[in-house]
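Protein sequences appear in the order of chains A and B.
Each position in the first sequence, counted from 1, maps to that position plus 339 in our numbering.
Each position in the second sequence, counted from 1, maps to that position plus 39 in our numbering.
Below you'll find the structure, written out as structure tokens, and then a few comments.
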Amino acid sequence: MALSRRTFTLAASLLAATTLGFGAAHANPVIGERAPDFTATTATGETVTLADFAGQTVMLEWTNHDCPFVVRHYQGNMQGLQNEAAENGVVWIQVISSAPGEQGYVSAERALELNVERGANVAHVFMDPEGVIGRAYDARTTPHMYVIDGEGTLRYNGGIDDQPRPRAGDPAPIPYAQNALNAVVAGGEVETTETQPYGCNVKYAG
Amino acid sequence: MLRTFLAGWLAAVFLSAGGALGQSASGPMVDASLVSDRSSVAPGETFHLALHQDITPHWHTYWRNPGDSGEATRLYLDLPEGWSEGEMVWPAPSIYSLGPLTNYGYENAVTLPVPVTVPADASPGPLTITAEGTWLVCEDICIPEDATFEITLQVGESVADAQGATLIEAAYAAAPDGARGIVAGLARAGDRLALTVSGEALSGGAETIRNLFFFPYEGGVITHNAAQPYRLEAGEGRIDLTPGFLTRNGINASHRGLLSWEERQGNGWVRRVAEITAGANDSVNGLPAPVAVQGGRAADGGAGGGVPAPAISFWQAALFALLGGLILNLMPCVFPILSMKALTIVQKRGAERAHARELGLIFGAGVIVTFLALGGLVLALRGLGGMEVWGFQLQEPWVVAGLAALMFLIGLNFLGFFEIGTSLQGVGGHVQGNDRAGAFLTGVLAVFVAAPCLAPVMASALAFALAQPPLASLTIFAFLGVGLALPFVIVSFEPRLLAFLPRPGVWMERFKQFLAFPMFATAIWLVWVLSVQTGAQGVLWILVLFLAISFAVWALRSTGMLSRAAGIAGVLLAAGALWTTANLEPAAIAAGDGEYEAWSPARVEELRNEGRAVFVDFTAAWCVTCQVNKLGALADSRVRSAFADNNVALLRADFTNRDPVIAQVLADHGAPGVPFYLMYPASGGEPEILPPLLTETIMIRAIEAAVRD
Chain A
340 MALSRRTFTL
350 AASLLAATTL
360 GFGAAHANPV
370 IGERAPDFTA
380 TTATGETVTL
390 ADFAGQTVML
400 EWTNHDCPFV
410 VRHYQGNMQG
420 LQNEAAENGV
430 VWIQVISSAP
440 GEQGYVSAER
450 ALELNVERGA
460 NVAHVFMDPE
470 GVIGRAYDAR
480 TTPHMYVIDG
490 EGTLRYNGGI
500 DDQPRPRAGD
510 PAPIPYAQNA
520 LNAVVAGGEV
530 ETTETQPYGC
540 NVKYAG
Chain B
40 MLRTFLAGWL
50 AAVFLSAGGA
60 LGQSASGPMV
70 DASLVSDRSS
80 VAPGETFHLA
90 LHQDITPHWH
100 TYWRNPGDSG
110 EATRLYLDLP
120 EGWSEGEMVW
130 PAPSIYSLGP
140 LTNYGYENAV
150 TLPVPVTVPA
160 DASPGPLTIT
170 AEGTWLVCED
180 ICIPEDATFE
190 ITLQVGESVA
200 DAQGATLIEA
210 AYAAAPDGAR
220 GIVAGLARAG
230 DRLALTVSGE
240 ALSGGAETIR
250 NLFFFPYEGG
260 VITHNAAQPY
270 RLEAGEGRID
280 LTPGFLTRNG
290 INASHRGLLS
300 WEERQGNGWV
310 RRVAEITAGA
320 NDSVNGLPAP
330 VAVQGGRAAD
340 GGAGGGVPAP
350 AISFWQAALF
360 ALLGGLILNL
370 MPCVFPILSM
380 KALTIVQKRG
390 AERAHARELG
400 LIFGAGVIVT
410 FLALGGLVLA
420 LRGLGGMEVW
430 GFQLQEPWVV
440 AGLAALMFLI
450 GLNFLGFFEI
460 GTSLQGVGGH
470 VQGNDRAGAF
480 LTGVLAVFVA
490 APCLAPVMAS
500 ALAFALAQPP
510 LASLTIFAFL
520 GVGLALPFVI
530 VSFEPRLLAF
540 LPRPGVWMER
550 FKQFLAFPMF
560 ATAIWLVWVL
570 SVQTGAQGVL
580 WILVLFLAIS
590 FAVWALRSTG
600 MLSRAAGIAG
610 VLLAAGALWT
620 TANLEPAAIA
630 AGDGEYEAWS
640 PARVEELRNE
650 GRAVFVDFTA
660 AWCVTCQVNK
670 LGALADSRVR
680 SAFADNNVAL
690 LRADFTNRDP
700 VIAQVLADHG
710 APGVPFYLMY
720 PASGGEPEIL
730 PPLLTETIMI
740 RAIEAAVRD
């Protein structure tokens, strides 16, 4: 009975997905719900899915190495966050959704080289030139950060911090993404779950 | 391409020379200056300093809310002691779309004034003010730029600076001048936000006002790239927005923003703007949800008024309709009929092949014409103010009874109880014209038998179709027909696709007989729907209908006078039974059964006043998804104990029969029909709308959220 109900629900979901999937403007990933699934090709040529990271906290970082906002954060801030995350067993993933010919589009080799040059400390680089993962996550800017917990639940979606352009004398930025990541690693609640990301637009195809 | 390369190079130079962001150098893409509308200011007066940007063609800088990406332009004034500054004045922005992203900003040139007040005791003489501007300028790529400025003014008499004053006046003219008497409110309407605006300024009709559009001052209030369909009637407007992360779980604050529209002046259109503050509204004004996507563009008469990417394009919708139609082929109501038709084609050989192709096309035409007719009928009903909520046709007991009888009859036919004129086995021997009519009628029939499967499964899709302008909505209906007809038409052209089937033979007869049973199953479901609608009386009369029909069919198989008479008597009895069903009083549906009480708006109020969380299940017997939820997530023991542990009040609203109160509530929330679920939090506030397909996890989360704090 339980099995047949599940099968029925599955079939109904399938139909519903085809026929009810009209209302939403874009498929916004929802905080507290399952993070959008992905099948990604990494810069080292592996194919991985969200399920492969079950039990681990994941940080997704949309990046474009030529975007000035990304360049600013890679002057030390980003590497610092990545090192801290690595110590905490977090899987840090860069996603490159720039389309071929657009700023930030690089070959897999170049993506890995860039990370060596910058001293970036990441577990994977996802090559997403068609923007499939980017659109599934509604990634809008570089940087744009997402935290996914070990159960695959989306816990944070937004900017890396609250200051697009810090000036001398400004208070220290609120590191939203870092705060969220630390809260999830510590098994606590994320205080600010969504913020407006800032930066360059993701250079999608089309 | 060259431009991209050049920009990239410039960015590289900028970055390597300037390090991070923050070295002062007028950037390469914007020629910026600090201007004043006074060359000499008097103590005590308010004048303006403004950042003026000349922007490289095709590049843009950003408005106060940059949209999906980007960065708002800033001007930091270093004013002497005692001088004070006001809020920056932002001319109305244009919309820039890049792929799925939408941005708000300026092209070519913009002036951003800041009001500055001189203290009354300012000492006369020359005075130098320094300022820093920061902005992001983007085309395909983005370059952060900044610059420091210096301007020297005299303090003494008030003397205008002609050039600066012209720029600043133009900026004011393009910026909102207060609310212009417009009152605004923001409310949840289903999974969307309804922004209602009213005021004298909007009193013109569609002939004189167009392109109503809302630009929030803050990011996260709306989804920037979603279309903004609106409705405007005699000074009252309603714009439907897609919530952003700040409003997705309720509206907790007032939101400021720019309302933009165009007003006819002579033969042209002039852009108007007003600053509105939309407070959380409990209910939407009287206007129904907008049906036509008229908005979606905030033109400014100048260059660069882009169009935000529509949420779902017309062709996407058509594609979905096509898919939906294809899926219908597999539904228990439709599959048997089409399989039988396909089998007749397998048997065609030689010259008959061409005929089979022709029949395939005629069948397709039959399906599409019927869908168009249905679509037209629904549109006409809507125009007449009929029920907007889809699925209504199954609220008529006689429609349910008629469909059940049709299913029963088709089942009998499959079992070989009787043959129809154009026999499904017809291998020649029939007049071809008759065959053609038969093919067309099979198309019509396919749509009718699909109807009970169509309504519950495709409610939202059809609601979307109906929300389009008539022509587009009919096209979507047509695509549904194309989808339904396609597999059969393809098979009629290329019967080899069925080559995996065994040679025609006895198995076909057995298969046909087997297909009777899905038809009977559908009939049983419809009888159950009728039993909920009309009670035991309805069941009695529908069974009488079945009896009369089968008797009539049996009698008419013989051509004798007596049989004819008996057959006609049977038909009359069947008609009588159907008539009786149509006139049955709707049964009082016991919406409250088990843990559920019957729903009413007053009961919701009462329970909420007791401080309880309230869950409302809007359901109907004819709604398949509703039954799935009822037997699945809602019956789950974890969910039920979560309801009990958290003292959640359970109400059920049954929409099996017509109910204007329920229809109104559904319309208020923008729901196209049932299933529809509301979870009112215990702490008060807006109810959460749960998805149409519930799972245990969704329910547990919703219950926990409703009783939090």
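Every residue, glycine too, gets a C-beta built ideally from N, C-alpha and C.
Note that the coordinates shown come from a computational prediction; the quantities given were computed from them, not determined experimentally.
Just measuring C-alpha positions, the residue of B/W174, B/S242, B/L140 and B/L484 sitting nearest B/P67 is B/W174. With respect to chain A, the C-beta atom of B/G599 has no partner C-beta closer than 8 Å.
Per DSSP, reduced to three states, the secondary structure at A/V430 is strand. The C-beta of A/N540 comes closer than 8 Å to at least one C-beta of chain B. In this structure, A/N454 lies away from A/V445, with their beta-carbon atoms at least 8 Å apart.
B/F532 is the residue among B/F532, B/E257, B/W564 and B/L445 whose C-alpha sits nearest the C-alpha of B/L400. Within a 10 Å sphere around the beta-carbon of B/P714 sit 16 or more other beta-carbons, which makes this residue buried.
Using a Cβ-Cβ cut-off of 8 Å, A/R457 does not count as an interface residue toward chain B, since no Cβ of chain B sits closer than that to its own. Membership of B/A223 in the beta strand (DSSP E) is indicated by the continuous run V222 to A228. One alpha carbon belongs to B/P96, the other to B/P183, and they sit about 17 Å apart. With distances taken between CA atoms, B/E727 lies nearest to B/A228 out of B/A381, B/A228 and B/L442. The continuous beta strand (DSSP E) containing B/W308 extends over residues G307 to A319. Among the residues of chain B, those whose CB is under 7 Å from the CB of A/R504 are L60, E110, T173 and P183, following chain order. For B/F284, the nearest CB of chain A lies under 8 Å from its own CB, placing it at the interface with that chain. Using a Cβ-Cβ cut-off of 8 Å, B/P165 does not count as an interface residue toward chain A, since no Cβ of chain A sits closer than that to its own. Boundaries of the alpha helix (DSSP H) harbouring A/G473: V471 to Y476, taken from the DSSP string. Residue environment: A/G419 is assigned as exposed (fewer than 16 neighbouring CB atoms within 10 Å of its CB, all protein chains considered). Between the alpha carbons of B/A616 and B/G520 lies a gap of roughly 32 Å. Residues of the segment 718–745 of chain B with a C-beta less than 7 Å from any C-beta of chain A: P731, L732 and R740, listed in chain order. Collapsing the DSSP output to three states places B/H99 in a strand.
Taking a contact to require three or more Cβ pairs closer than 8 Å, the segment 527–545 of chain A and the segment 429–447 of chain A qualify as touching.
For the segment 251–267 of chain B, the residues whose beta carbon sits under 7 Å from a beta carbon of chain A are, in order, G258, G259, T262, N264 and A265. Distance from the CA of B/N288 to the CA of B/L525, rounded to the nearest whole angstrom, comes to 42 Å.
Those residues of the segment 458–492 of chain A placed with their C-beta closer than 7 Å to a C-beta in chain B are R474, R479 and T480, ordered along the chain. The shortest CA-to-CA distance from B/F479 to any of B/G650, B/A404, B/Q92 and B/Y101 is the one to B/A404. For the pair of segments examined, the segment 76–96 of chain B was found to touch the segment 112–132 of chain B: the number of CB pairs separated by less than 8 Å reaches three. If you compare the alpha carbons of B/V222, B/G138 and B/F453 with that of B/E239, the shortest gap goes to B/V222.
Residues of the segment 127–151 of chain B with a C-beta atom less than 8 Å from some C-beta of chain A are L137, G138, P139, L140 and N142, listed in chain order.
When A/A424, A/H412, A/T381 and A/D501 are compared, the shortest CA-CA separation from A/A525 is found for A/A424. Beta bridge pairing from DSSP links B/G195 with no other residue. Taken through DSSP and simplified to helix, strand or coil, B/E435 comes out as coil.
Taking a cut-off of 8 Å for Cβ pairs, the segment 290–310 of chain B and the segment 251–261 of chain B touch, as three or more such pairs fall below it. At a cut-off of 8 Å between C-beta atoms, B/I180 counts as an interface residue with respect to chain A. A/Q517 counts as buried, since at least 16 other C-beta atoms from the protein chains shown sit within 10 angstroms of its C-beta. If only uninterrupted beta strand (DSSP E) runs of at least 3 residues are considered, those enclosed by the segment 485–520 of chain A are 493–497.
For B/D656, the nearest beta carbon of chain A is not closer than 8 Å to its own beta carbon.
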